[in-house]
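The next block holds one structure in the form of structure tokens; read it before the comments.
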Amino acid sequence: MSKPDAASRASRPSGRENITGAAMMAPAGTGLLLFVAVPFVLAIWLSLHFVNFNSIVPSRWDGLQQYRELFTSPMFYRSLINNLVFAAVVVPLQTALAIALALLVNRKMRGIAVLRALFFLPVVFPMALVAVIWKLIYSPDQLGLLNSVLNTVTFGHVGPHDWLGDPATALAAIIVMSIWQGVGLQMIIVLAGLQGISADLYEAAAIDSASTWQRFRHVTLPGLRNSLVFVVMVTTILSFQLFDQIYILTQGGPGDATSTIMYQAVTSAFTEGDVGQGAALTVVFFAVVLTLTLVQRRLLREERTVA
Amino acid sequence: MTTITPARAAAPVAAVTGRRRRRRHARERISFVLTAVIAVLFSAPIIYLIIGSLKPSAQVLDGLSALNPDNLSLQNYGGVVRQFSSTATGYFADFYLTSVIISAVVVGGGLIVNCLAGYALARLRWRGRRLVLLIVIALVILPFQAIAVPLFYLLDSARDTVYVQFLPFIASAFSIFLFYSFFAGLPKEFEEAAAIDGAGPWRTLLRVVLPNAKPVFASVAILSFLSSWSSFLWPVMMVDQPGVSPLPLQIAVFQGQTPVNWGEVFAFGVLMVAPVVVVFVIFQRWFVRSVASTAIKG
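Sequence lines, in order, name chains A and B. For what it's worth, this note's numbering labels the leading residue of the first sequence as 1, then goes sequentially. For what it's worth, this note's numbering labels the leading residue of the second sequence as 308, then goes sequentially.
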């Protein structure tokens with residue numbers, strides 16, 4: 001482990017601390033190496049090969065063929081667009097709703113703790129269970145809860161709709177239930193941000209007789225900056241991982257209206273045995289997530305230095 | 308900051324306060340109604356789940372009247388257990404056991420190895436530390452989904468085992484990062500004092516650092532528990548046998564069977580989420596604080 005000639009100049013680690021440090025890092029380090037780093041490299045390797053569990057053709061080098069197939073497939077573009085639409089709708093909507101809910105429960109009132117707990121509760125629900133509940137809520141005929149509610153409140157003017165079966169509403173239906181499940185987490189983060197804003201600022205605003213909107217715009221929002229940056233970045237990454245709901249509710253359908261990159265990757269690798277294609281999809285998936293993360297980080301950081 | 312000019316300063320004070328009070332009253336009423344509506348909409352799916360689990364199957368999918376709390380019984384709960392009581396279907400207790408084992412090992416093992424790694428990265432000087440730290444931070448943004456397919460290829464021979472469901476998740480770059488930033492932010496005095504007393508790094512960590520590290524342990528435990536208890540993608544790829552199937556995968560299988568018994572599916576759902584909700588209600592303050600503090604660190 002120790003090579004004295006290469007010892008760093010800045011810190012002079014003692015031999016003993018060297019060994020202890022390495023020993024403490026070793027268990028988790030091995031895990032990360034075996035189950036994260038190696039698979040990641042393998043993903044790239046596999047994506048350049050033809051590897052199919054269901055085929056008698058042996059694995060072979062395939063160059064960029066997998067990617068060529070992807071980039072000429074309308075299904076792939078549809079999945080990518082679905083992912084982008086999902087993120088583009090969920091991120092702003094969920095963030096706005098999280099701010100609204102946080103403002104709602106950031107009050108001294110009897111029963112507010114119950115309300116706070118209620119909004120956070122869906123976060124502890126596994127997505128598989130959430131999908132099952134909402135499958136019934138979205139049930140296509142008059143027996144579905146949502147259809148029945150709409151019919152009742154409009155006095156029968158709105159007939160039953162097949163929310164998950166209609167390509168026009170399937171993705172929107174998935175979006176609504178995903179926000180229901182996820183918004184509580186963001187609300188808590190925003191709430192912590194709200195409680196970090198100094199009361200002096202609100203007093204100053206009151207002295208200036210600022211309107212509610214002005215107070216929100218010039219005190220609350222700037223004070224929430226860091227929380228919101230975090231919320232937006234996390235929600236973006238999470239929204240790209242969309243899989244469980246799709247698998248249970250729509251299997252990517254109707255047609256390809258709710259197909260996502262991860263759903264396609266799993267179908268290719270797992271259902272069709274086409275590991276090479278699945279690997280190529282996950283490489284593209286990672287490239288998209290990485291690009292978005294870096295772009296967001298740059299944009300948000302730049303804004304922060306300007307402000 | 309822009310300065311806000313008082314617009315209505317000239318108006319008589321009494322009139323303003325009277326008007327304000329009335330307006331505030333109206334606003335409070337609106338906000339109360341709004342709050343109530345949101346609360347009802349938010350809790351509807353949960354109430355639906357609970358009532359549905361207590362109703363005869365045919366009345367679960369029955370429009371608005373599915374929310375009527377009549378004909379309630381615990382029959383569906385017994386039905387779930389009876390439904391899964393052979394090797395072919397799997398035993399209900401086994402789904403539970405599988406999920407419990409996976410979560411226990413991921414949380415317990417994860418706390419140990421990731422805490423050690425975080426401490427070594429934050430406090431000890433060893434060769435390669437900076438490089439390893441850089442790699443860990445880079446791995447934080449690599450979602451599991453990006454490596455699911457090669458992992459599936461790599462671990463194909465371990466399909467349908469319990470250990471393949473927890474092994475890849477014990478070491479976690481995200482958890483290491485949480486521990487790292489927590490330890491890096493602790494004041495060094497106590498550790499230095501311990502070092503003067505001749506305590507080595509292991510003893511210092513155990514006796515001096517850990518007693519002060521409850522918040523980060525709570526955060527990591529809660530976050531890793533939530534994700535392992537709900538884990539779905541990986542079991543979908545790796546598990547075919549009901550004997551080693553965890554709860555989320557099994558409820559997906561159950562709701563896809565025909566003829567489907569919705570009352571029993573909902574009872575399954577309640578049983579699956581109940582312990583988590585109980586833990587959440589008891590440790591609510593920890594939950595909220597840990598999630599919030601994680602965000603502020605990030």
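C-beta: ideal position from N, C-alpha, C; glycine also. Model, not experiment: these values are computed from the prediction.
Among A/64, A/104, A/129 and A/243, which has the Cα closest to the Cα of residue 346 of chain B?
-> Looking at the Cα atoms, A/104 is the closest of the given residues.
Per DSSP, cross-strand counterpart(s) of residue 398 of chain B | In the DSSP output, where bridge partners are listed per residue, residue 398 of chain B has B/392.
Short check: CB of residue 421 of chain B to CB of residue 527 of chain B, under 8 Å?
-> Yes, they are a contact pair.
Quick one: grab the DSSP three-state call for residue 313 of chain B.
-> In this prediction, residue 313 of chain B scores a pLDDT of 45, lower than 50, which makes its location untrustworthy; no coordinate-derived value is stated.
Please go through the same chain and pick out, in chain order, the residues whose beta-carbon is closer than 7 Å to the beta-carbon of residue 165 of chain A, but skip the five residues on each side of it.
-> Answer for residue 165 of chain A: 140 and 254, listed in chain order.
What are the boundary residues of the alpha helix (DSSP H) that includes residue 488 of chain B?
-> Its alpha helix (DSSP H) spans residues 480 to 492.
In the DSSP assignment, find the unbroken alpha helix (DSSP H) run with residue 162 of chain A in it and report its ends.
-> From DSSP, residue 162 of chain A is part of no alpha helix (DSSP H); its letter is neither H nor E.
Taking residue 250 of chain A as the reference, which of A/76, A/281, A/88 and A/134 has the closest Cα?
-> Nearest C-alpha to residue 250 of chain A: A/134.
What are the boundary residues of the alpha helix (DSSP H) that residue 214 of chain A is part of?
-> For residue 214 of chain A, the enclosing alpha helix (DSSP H) begins and ends at 212 to 215.
As assigned by DSSP and simplified to three states, the class of residue 136 of chain A = Of the three classes helix, strand and coil, the one that applies to residue 136 of chain A here is helix, per DSSP.
C-alpha distance - residue 98 of chain A paired with residue 180 of chain A, whole-angstrom precision | About 10 Å.
Residue 182 of chain A to residue 567 of chain B, Cα distance in whole Å?
-> Straight-line Cα distance between these residues: approximately 28 Å.
Indicate the three-state DSSP secondary structure (helix, strand or coil) for residue 200 of chain A in the structure shown.
-> Reduced to three states, the DSSP call for residue 200 of chain A is helix.
Please report the residue range of the alpha helix (DSSP H) in which residue 69 of chain A lies.
-> Here the alpha helix (DSSP H) through residue 69 of chain A covers 65 to 71.
How is the alpha helix (DSSP H) around residue 557 of chain B delimited, first residue to last?
-> Its alpha helix (DSSP H) spans residues 554 to 563.
Please confirm if residue 17 of chain A has its CB atom under 8 Å from at least one CB of chain B.
-> Yes, residue 17 of chain A lies at the interface with chain B (some Cβ there is under 8 Å from its Cβ).
Between the beta-carbon of residue 441 of chain B and the beta-carbon of residue 243 of chain A, is there less than 8 Å?
-> No.
Cα separation between residue 465 of chain B and residue 34 of chain A?
-> Each residue's Cα considered, the two are about 15 Å apart.
Smallest Cα separation from residue 553 of chain B: which of B/534, B/328, B/382 and B/508?
-> Of the listed residues, the one whose Cα sits closest to residue 553 of chain B is B/534.
Any C-beta of chain E sitting closer than 8 Å to the C-beta of residue 342 of chain B?
-> The displayed structure is made up of protein chains A and B, and chain E is not among them.
Do three or more CB pairs link the region 432 to 451 of chain B to the region 24 to 32 of chain A at distances below 8 Å?
-> With a cut-off of 8 Å, the region 24 to 32 of chain A and the region 432 to 451 of chain B count as touching, because enough Cβ pairs lie within range.
Spatial neighbours of residue 300 of chain A within its chain, please: CB distance less than 8 Å, with the 5 preceding and 5 following residues excluded, ordered by chain position.
-> Taken in chain order, the residues that qualify are 229, 232 and 233.
Roughly how far, in whole angstroms, is the beta-carbon of residue 113 of chain A from the beta-carbon of residue 258 of chain A, given that I think they are within contact range, below 8 Å?
-> That belief does not hold up - the Cβ atoms of residue 113 of chain A and residue 258 of chain A are roughly 37 Å apart, past 8 Å.
If you run the structure through DSSP and keep just helix, strand and coil, what is residue 274 of chain A?
-> Strand.
Please name the residues in the region 58 to 92 of chain A whose beta-carbon is closer than 7 Å to at least one beta-carbon of chain B, in chain order.
-> Close to chain B, meaning a Cβ-Cβ distance shorter than 7 Å, is no residue of the region 58 to 92 of chain A at all.
Separation of residue 499 of chain B from residue 237 of chain A, as counted between CA atoms | Computed Cα separation, rounded: 40 Å.
Hey, is residue 599 of chain B's beta-carbon within less than 8 Å of any beta-carbon in chain A?
-> Answer yes: the Cβ-Cβ gap between residue 599 of chain B and chain A drops below 8 Å somewhere.
Given residue 286 of chain A as reference, the closest of A/39, A/91 and A/17 once Cα atoms are compared = With distances taken between Cα atoms, residue 286 of chain A lies closest to A/39.
Chain-ordered neighbours of residue 436 of chain B on chain A, where CB pairs are closer than 7 Å | Result: 21.
In three-state terms, what does DSSP make of residue 61 of chain A?
-> In the displayed model, residue 61 of chain A falls within a strand according to three-state DSSP.
Determine the burial state of residue 562 of chain B: buried for a count of at least 16 other Cβ atoms within 10 Å of its Cβ, exposed for fewer.
-> That one is buried.
So, is the C-beta of residue 290 of chain A closer than 8 Å to a C-beta in chain B?
-> Yes, its Cβ sits closer than 8 Å to a Cβ of chain B.
For residue 193 of chain A, count neighbouring C-beta atoms within 10 Å of its own C-beta (all shown protein chains included) and say buried if the count is 16 or more, exposed if not.
-> By the 10 Å Cβ count, residue 193 of chain A comes out buried.
Residue 143 of chain A, DSSP secondary structure in three states = Looking at residue 143 of chain A - three-state DSSP - the assignment turns out to be coil, as it is neither helix nor strand.
Please indicate yes or no: does the CB of residue 109 of chain A lie closer than 7 Å to some heavy atom of the ligand FAD?
-> Only the bare structure without any ligand can be found here, which leaves the ligand FAD out of the picture.
Cβ pair residue 187 of chain A, residue 245 of chain A closer than 8 Å = Contact: no.
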